[in-house]
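Q: My structure is below; once you've seen it, I'll send some questions.
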Amino acid sequence: MTRLGHGQLKQRALERIGARRSILLGYHGVADGRPDHDPFNLRVSPDRFRAQLELLLSAGLRFVTVAELAERVRRQGAGAGLAALSFDDGMQDNHATVLPIVKEYDLPATVYVTTGLIGQPNPWLAPESGARMMSADELRELAAAGIELGAHTVTHPDLSALDREACLTEMVESKRALERIG
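In structure tokens form, the structure reads like this:
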């Protein structure tokens, strides 16, 4: 009997999952930092992110954008063997850290942008972290590099607390703001 290491067990488990379904991985940010600067644990370290990508790749999963994954599910039902990387809110480290890593691995990714926060300090990380949201120029660079951009909302409200019209306004205006950035 052969004993498998922990990494091999993870890989085999992902291979079995990938044979039956697709995976959507949701992130906010990728950066090293102090835990007291990230009270909501919104960021994963670059080393951990790389290890996750390598595990998914070694399990044979094929990476697609969120839009491509959604389209395949719409056309074919629950697809198998695909993985999509999604990043919420538009943190600056999506440009500084994520972009070089996904380019290195030649992987697609999707970033959903809270447009009312573009270029502003990151409201979820401690002010002393110096973290901010991406600027319009950084968003253009992501798009030029092939990263799929999606509208999140304008102000990042709790949509369940809003009426239908306010929800639509948040979504539509966020999409329009991204289109104006180009």
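Number 97 in my numbering belongs to position 62 of the sequence shown; there are no gaps in the numbering. For glycine and all other residues, C-beta sits at the position ideal for the given N, C-alpha and C. Every value quoted in this text rests on a predicted model; they were computed, and no experiment measured them.
Are the beta-carbon atoms belonging to GLU183 and ALA102 less than 7 Å from one another?
A: In the sequence shown, the residue the question calls residue 183 occupies position 148. In the sequence shown, the residue the question calls residue 102 occupies position 67. The answer is yes: Cβ separation under 7 Å.
Q: Write down every uninterrupted run of the alpha helix (DSSP H) in the stretch 60-133 whose length is 4 residues or greater and which is fully enclosed by it, in chain order.
A: Qualifying alpha helix (DSSP H) stretches, in chain order: 81-93 and 101-111.
Q: Work out the CA separation of ILE136 and VAL108 for me, nearest whole Å.
A: Numbered from its first residue, the sequence shown carries residue 108 at position 73. Numbered from its first residue, the sequence shown carries residue 136 at position 101. Cα to Cα, the separation comes out at about 27 Å.
Q: Which residue comes first and which comes last in the beta strand (DSSP E) that contains ALA186?
A: Translated into positions along the sequence shown, residue 186 becomes position 151. Counting along the chain, the beta strand (DSSP E) containing ALA186 begins and ends at 183-188.
Q: Spatial neighbours of ASP71 within its chain, please: C-beta separation below 8 Å, excluding the five flanking residues on both sides.
A: Residue numbering aside, residue 71 sits at position 36 when the sequence shown is read from its first letter. Taken in chain order, the residues that qualify are ALA161.
Q: So, using beta-carbon positions, are THR132 and VAL65 closer together than 7 Å?
A: As a position in the sequence shown, residue 132 is number 97, starting the count at 1. As a position in the sequence shown, residue 65 is number 30, starting the count at 1. In contact: THR132 and VAL65 (Cβ atoms closer than 7 Å).
Q: What are the boundary residues of the beta strand (DSSP E) that includes THR204?
A: For this step, residue 204 is matched to residue 169 along the sequence shown. Note, THR204: premise wrong, no beta strand (DSSP E); alpha helix (DSSP H) at 199-216.
Q: Would you identify the three-state DSSP class for ARG56, choosing helix, strand or coil?
A: Along the sequence shown, one-based indexing puts residue 56 at 21. Coil.
Q: Using a 10 Å radius around the Cβ and a threshold of 16 neighbouring Cβ atoms, would you call GLN111 buried or exposed?
A: The residue labelled residue 111 in the question sits at position 76 within the sequence shown. That one is exposed.
Q: Taking the C-alpha atoms as reference points, what is the distance between VAL148 and ARG47?
A: One-based indexing of the sequence shown puts residue 148 at position 113. One-based indexing of the sequence shown puts residue 47 at position 12. Approximately 34 Å between the Cα atoms of the pair.
Q: Confirm, please, whether the CB-CB distance from CYS202 to LEU194 is below 7 Å.
A: Along the sequence shown, one-based indexing puts residue 194 at 159. Along the sequence shown, one-based indexing puts residue 202 at 167. Contact: yes.
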